[in-house]
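Peer 1:
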Amino acid sequence: MKNTSKWMVSACALALTFALPLSSNTAQAAAKQNGTMMQYFEWYIPNDGQQWNRLKDDANHLADIGISAVWIPPAYKGTSQEDVGYGAYDLYDLGEFNQKGTVRTKYGTKEQLQAAVSALHGKGVNVYGDVVMNHKGGADRTEEVNAVEVNPDNRNQETSGEYKIKAWTGFDFDGRKGKYSDFKWGWQHFNGTDWDEEKKIKRIYKFRSTGKAWDEEVSHEFGNYDYLMYADIDYDHPDVVKEMKKWGNWYAKELNLDGFRMDAVKHIKFSFLKDWVNDVRSQSGKEMFTVAEYWQNDLGAIENYLNKTGNQSAFDVPLHYQFQAASSSNGNFDMGKLGEGTLVKSRPDKAVTFVENHDTQPGQALESSVQAWFKPQAYTYILTRDAGYPDVFYGDLYGTKGSSGREVPALQKKLEPLLKVRKELAYGKQHDYFDDHNIVGWTREGDSEHGKSGLASVITDGKGGTKKMFVGTQHAKQEWYDITGNATKTVTIDGDGNGEFSVGDGSYAVYVQK
């Protein structure tokens, strides 16, 4: 067993480490490039089985623009071929077996996925697997279970007596025929469900049996937020714990993964998640960078999770909501407070910063979209600052298919210059200028290891103007220009290392050396 303190590495450090292949002749170079993650899917990816092929073909381009790690969607069989992956049915079926009416998943076959991972690794891009362990959907059969109804707004309150229901809790995986694992799931492996097939009614049901209860070490929203959807997995059951650890090690090895994105962690027993991550790290001998989705606009709740697990990073949900508010406030948002109450400010070593994801995009469960006009400002913030590990959303870079005419256009032409800046120039000491209601900015002085490195970023949600900022005396007399093309006038750095950097109304600019 390796000393687990080895794994308590900051998100920033891991981002740097994962930038290039971890071989002896590239380790030094790897530590020099800023890391950037990309979520390589959006909710409305076509069900054409070609996403893994698209990813493979995109590997060279992703590496070129500075993507150092890709977060892939849930790669296993869901409730149907159309399933995005969060209705997880068989975690061992990566598009290999004829189950749920299909061999391939929405994204393709196992062989195509493995080819994509190999292509990414060949370009120095790491791969993070999406881990859905809160629930199982698409059961093969019903079972009779003793259960009680609970109040949806207070899951600790029982609202009925005990009675038998027919629950979809039997998972046999006949199409896989025991390959990789012969474990079959039954009602005893779950805490509850939300459907009684006998009465055809939807309720939140807590199973009644000796030792059965909601897991306590979860979010306390709705009294106890253990239950989320489908058949809720019971992590107090020793056979479940053993099987899920076995699967985690299989998943990491089968795809040669470099890390994980953990889904819905606030609904899962925190101590189990800590042990699960440590077990995979120990068995694989790899650092396995892990980012948790603790979805709550509450910094304290996210910090509590991080303190309890001690071995993971987390998405900066509060920062996302700050971006959303700034984009929706008609210029009345106080930009000087943009970073207040965010994870990247309180725990920069643990923060994965992002603008949008598959859940927040239009039409989805957590819809809280950052308006398109402000997204470049938000990406400027996460890509050119020194703190946090930024995550770029596929739907922002390449556009989303949307639903009911709510497609989101691609921002590729606006985001790729920012990615280039992050990869090549966003280094050195940072100076912040969050001293105005509208116009805020920051500079990076650059360093000796990256030619012409250093930058000056300015963003605003309202009226534009200029901001005097210090970039370092080593840049005195240099001419700087806005790489985004939004500001047309160059800036001459004065003898004291200062420049007057301008930005247009509701716009952004990133100045670099000519």
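Sequence positions in the sequence shown follow mature numbering (1 follows the signal peptide of the UniProt record, and there is no 0) and run -29 to -1, 1 to 485.
Here a beta-carbon is modelled for each residue, glycine too, at the ideal position from N, C-alpha and C.
Keep in mind the model is a prediction, meaning the values are calculated, not measured.
Counting only the same chain and skipping the five closest in sequence on each side, list residues whose C-beta sits under 7 Å from that of Asn125.
Peer 2: Walking along the sequence shown from the start, residue 125 turns up at place 154. Counting only Cβ-Cβ distances below 7 Å, and skipping sequence neighbours, we find Phe193, Gly194.
Peer 1: So, does the region 227 to 247 touch the region 83 to 103, judging by three or more C-beta pairs under 8 Å?
Peer 2: Yes, the region 227 to 247 touches the region 83 to 103.
Peer 1: Does DSSP put Leu199 in a helix, in a strand, or in coil?
Peer 2: Residue 199 sits at position 228 when you count from the first residue of the sequence shown. In the structure shown, Leu199 sits in coil (DSSP, three-state: anything other than H, G, I, E or B).
Peer 1: For the alpha helix (DSSP H) containing Phe294, list its first residue and its last residue.
Peer 2: Working through the sequence shown from its first residue, we reach residue 294 at position 323. Note, Phe294: alpha helix (DSSP H), 288 to 298.
Peer 1: Do Thr140 and Glu114 come within 7 Å of each other at the CB atom, strictly closer than that value?
Peer 2: Position 143 of the sequence shown, counting from 1, holds the residue named residue 114. Position 169 of the sequence shown, counting from 1, holds the residue named residue 140. Cβ atoms of Glu114 and Thr140: closer than 7 Å.
Peer 1: Where does the unbroken alpha helix (DSSP H) through Met215 begin, and where does it stop?
Peer 2: The residue you call residue 215 lines up with position 244 of the sequence shown. Counting along the chain, the alpha helix (DSSP H) containing Met215 begins and ends at 209 to 226.
Peer 1: Quick check on the burial criterion: 16 or more other C-beta atoms within 10 angstroms. Buried or exposed for Lys240?
Peer 2: Position 269 of the sequence shown holds residue 240. It is buried - the Cβ of Lys240 has at least 16 other Cβ atoms within 10 Å.
Peer 1: Do Asp197 and Asp186 come within 7 Å of each other at the CB atom, strictly closer than that value?
Peer 2: The residue given as residue 186 occupies position 215 in the sequence shown. The residue given as residue 197 occupies position 226 in the sequence shown. Contact: yes.
Peer 1: Please determine, among Val483, Tyr479, Gly477, Ser89, the residue with the shortest C-alpha to C-alpha distance to Gly470.
Peer 2: As a first step, residue 470 is located in the sequence shown; it is residue number 499 there, counting from the start. The shortest Cα separation from Gly470 among Val483, Tyr479, Gly477, Ser89 belongs to Val483.
Peer 1: Give me the Cβ distance between Gly247 and Gly219, rounded to the nearest whole Å; I'm assuming they're in contact under 8 Å.
Peer 2: As a working note, residue 247 is residue 276 in the sequence shown. As a working note, residue 219 is residue 248 in the sequence shown. Position check: residue 247 holds Trp in this sequence, whereas Gly was assumed. Confirmed, Cβ separation roughly 6 Å.
Peer 1: Are there 16 or more other CB atoms within 10 angstroms of the CB of Ile172, so buried, or fewer, so exposed?
Peer 2: The sequence position of residue 172 within the sequence shown is 201, counting from 1. Exposed, by the Cβ-count rule.
Peer 1: Taking just the CA atoms, how far does Ser424 sit from Trp451?
Peer 2: In the sequence shown, residue 451 corresponds to position 480, counting from 1. In the sequence shown, residue 424 corresponds to position 453, counting from 1. Straight-line Cα distance between these residues: approximately 11 Å.
Peer 1: In the DSSP assignment, find the unbroken beta strand (DSSP E) run with Ser255 in it and report its ends.
Peer 2: Counted from its first residue, the sequence shown places residue 255 at position 284. Careful: Ser255 lies outside any beta strand (DSSP E), inside the alpha helix (DSSP H) at 241 to 255.
Peer 1: Thinking C-alpha only, which one of Lys372, Phe405, Asp143, Lys316 is nearest Glu274?
Peer 2: The residue you call residue 274 lines up with position 303 of the sequence shown. For Glu274, the nearest C-alpha among the options comes from Lys316.
Peer 1: From this set, Glu338, Val102, Ala285, which residue's C-alpha is nearest Ile43's C-alpha?
Peer 2: Position 72 of the sequence shown, counted from the first residue, corresponds to residue 43. Answer by Cα proximity: Val102.
Peer 1: Across which residues does DSSP place Arg232 in a beta bridge pair?
Peer 2: The sequence position of residue 232 within the sequence shown is 261, counting from 1. Asp101, Val262.
Peer 1: Quick one: Cα of residue 543 to Cα of Gln70, how far?
Peer 2: Any answer about residue 543 is impossible in this case: the structure gives the chain only from -29 up to 485.
Peer 1: Leaving aside the five residues before and after Thr93 along the sequence, list all residues of the same chain whose C-beta is less than 8 Å from its C-beta, in chain order.
Peer 2: Here the question's residue 93 lines up with position 122 in the sequence shown. At residue 93 the sequence reads Gly, which differs from the Thr that was named. Counting only Cβ-Cβ distances below 8 Å, and skipping sequence neighbours, we find Ala30.
Peer 1: Taking all protein chains shown into account, decide if Tyr176 is buried (16 or more other Cβ within 10 angstroms of its Cβ) or exposed.
Peer 2: By 1-based counting over the sequence shown, the position of residue 176 is 205. Buried, by the Cβ-count rule.
Peer 1: Find out if the Cβ-Cβ distance for the pair Val323, Asp367 is shorter than 7 Å.
Peer 2: Locating residue 323 in the sequence shown gives position 352, counting from the first residue. Locating residue 367 in the sequence shown gives position 396, counting from the first residue. No, they are not a contact pair.
Peer 1: Our contact map puts Lys308 next to Val326 with C-beta atoms below 8 Å; I'd like the distance itself, whole angstroms only.
Peer 2: If you number the sequence shown from 1, residue 308 lands on position 337. If you number the sequence shown from 1, residue 326 lands on position 355. Contact doesn't hold; Cβ gap of about 18 Å is too wide.
Peer 1: Quick check: what's the CA-CA separation for Tyr57 versus Gln445?
Peer 2: Within the sequence shown, the letter at position 86 stands for residue 57. Within the sequence shown, the letter at position 474 stands for residue 445. So the two alpha carbons sit approximately 51 Å from each other.
Peer 1: Which term fits Lys385, buried or exposed, when burial requires 16 or more other beta carbons within 10 angstroms of its beta carbon?
Peer 2: Walking along the sequence shown from the start, residue 385 turns up at place 414. Buried, since its Cβ has 16 or more Cβ neighbours within 10 Å.
Peer 1: Between Arg356 and the rest of its own chain, which residues show a CB-CB distance below 7 Å, the 5 nearest in sequence each way excluded?
Peer 2: Working through the sequence shown from its first residue, we reach residue 356 at position 385. Excluding residues within five positions, the ones whose Cβ falls inside 7 Å are Gln401, Trp413.
Peer 1: When the Cα atoms are used, what is the spatial distance from Asn268 to His329?
Peer 2: As a first step, residue 268 is located in the sequence shown; it is residue number 297 there, counting from the start. As a first step, residue 329 is located in the sequence shown; it is residue number 358 there, counting from the start. Each residue's alpha carbon lies about 17 Å from the other.
Peer 1: To which residues of the same chain is Val212 closer than 7 Å at the C-beta, ignoring the five residues directly before and after it?
Peer 2: On the sequence shown, residue 212 is found 241 positions in, with the first residue counted as 1. These residues qualify, in order along the chain: Tyr206, Phe243.
Peer 1: Measuring alpha carbon to alpha carbon, tell me which of Phe144, Lys135, Asp432 ends up nearest Ser299.
Peer 2: Position 328 of the sequence shown, counting from 1, holds the residue named residue 299. Comparing Cα positions, the closest option is Asp432.
Peer 1: My guess is that Gln283 and Ala263 are in contact by the Cβ rule of under 8 Å, so how many angstroms apart are they, rounded?
Peer 2: Along the sequence shown, one-based indexing puts residue 283 at 312. Along the sequence shown, one-based indexing puts residue 263 at 292. The Cβ separation is near 5 Å, so the contact holds.
Peer 1: Report the three-state DSSP secondary structure of Pro361 (helix, strand or coil).
Peer 2: Walking along the sequence shown from the start, residue 361 turns up at place 390. Three-state result, Pro361: strand.
Peer 1: Return the bridge partner residues of Phe441 from the DSSP annotation.
Peer 2: Counted from its first residue, the sequence shown places residue 441 at position 470. The partner list for Phe441 (beta bridge, DSSP) reads Asn469.
Peer 1: Quick one: Cα of Asn105 to Cα of His238, how far?
Peer 2: Indexing the sequence shown from 1 puts residue 105 at position 134. Indexing the sequence shown from 1 puts residue 238 at position 267. Each residue's alpha carbon lies about 7 Å from the other.
Peer 1: Could you name the residues that DSSP lists as bridge partners for residue 516?
Peer 2: The chain is shown from -29 up to 485; residue 516 falls before or after that span and cannot be answered.
Peer 1: From the DSSP output, read off the bridge partner residues of His402.
Peer 2: Translated into the one-based positions of the sequence shown, residue 402 becomes position 431. In the DSSP output, where bridge partners are listed per residue, His402 has Thr414.
Peer 1: Kindly give me the distance between the Cβ atoms of Asp54 and Lys77, rounded to whole angstroms, as I take these residues to be in contact under 8 Å.
Peer 2: By one-based count along the sequence shown, residue 54 stands at place 83. By one-based count along the sequence shown, residue 77 stands at place 106. Going by Cβ atoms, the distance from Asp54 to Lys77 rounds to 6 Å, so yes, they are a contact pair.
Peer 1: Please classify Asn122 as buried or exposed, where buried requires at least 16 neighbouring CB atoms within 10 angstroms.
Peer 2: Position 151 of the sequence shown holds residue 122. So Asn122 ends up on the exposed side.
Peer 1: Counting only the same chain and skipping the five closest in sequence on each side, list residues whose C-beta sits under 7 Å from that of Glu169.
Peer 2: Taking the sequence shown and counting its residues from 1, one reaches residue 169 at position 198. Correct list, in chain order: Ile136, Lys137.
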